[in-house]
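Printed below as a string of structure tokens:
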């Protein structure tokens, strides 16, 4: 199992409606891309104040490395990349094997 973690820092002028629509794109991946077991997203809830201006995260759980690799080149993922680049000030991506 592979967990694909994204930490998101939005541009100050990022429109909330566009952010919500972007998360909707993520959620639809589960039905459209084989090998995705779950998709979770939300805002930072830590009281430690160590998030360094990253306000949201997404965790996509894949059945295995090949499913993650399929996702990375999938046309739906490529379309989302364009949306993200327009909304984000910064992004951290971290994959771990569970």
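In our numbering, the protein residues as written are 27 to 124. All C-beta atoms in this analysis are idealised placements derived from N, C-alpha and C, irrespective of residue type, glycine included. All of these numbers come straight from a predicted model, not from anything done at the bench.
Rounded Cβ spacing between residue 115 and residue 35 (contact assumed at less than 8 Å) = 5 Å
| task | Compute the beta-carbon to beta-carbon distance between residue 118 and residue 67, rounded to the nearest angstrom, for a pair I have assumed lies under 8 Å. | result | The pair is not a contact, with the Cβ atoms about 14 Å apart (cut-off 8 Å).
TODO: Could you tell me the distance, in whole angstroms, from the CA atom of residue 85 to the CA atom of residue 39?
DONE: 24 Å
According to DSSP, what are the bridge partners of residue 72?
-> Answer is none; residue 72 lacks a bridge partner.
So residue 37 and residue 113 are supposed to be a Cβ contact under 8 Å. How far apart are they, rounded? 6 Å
Quiz item: Shortest alpha-carbon distance to residue 59 belongs to which of 101, 48 and 49?
Solution: 101
- prompt: Out of curiosity, what's the CA-to-CA distance linking residue 48 and residue 88?
  reply: 20 Å
Exercise. Output the residue ranges of the alpha helix (DSSP H) runs that lie fully inside the stretch 87–122 and measure 4 residues or longer, sorted by chain position.
Key: 91–99 and 101–113
Quick check on the burial criterion: 16 or more other C-beta atoms within 10 angstroms. Buried or exposed for residue 32?
buried
| said: Tell me which residue opens and which closes the beta strand (DSSP E) that residue 28 is part of. | reply: 28–36
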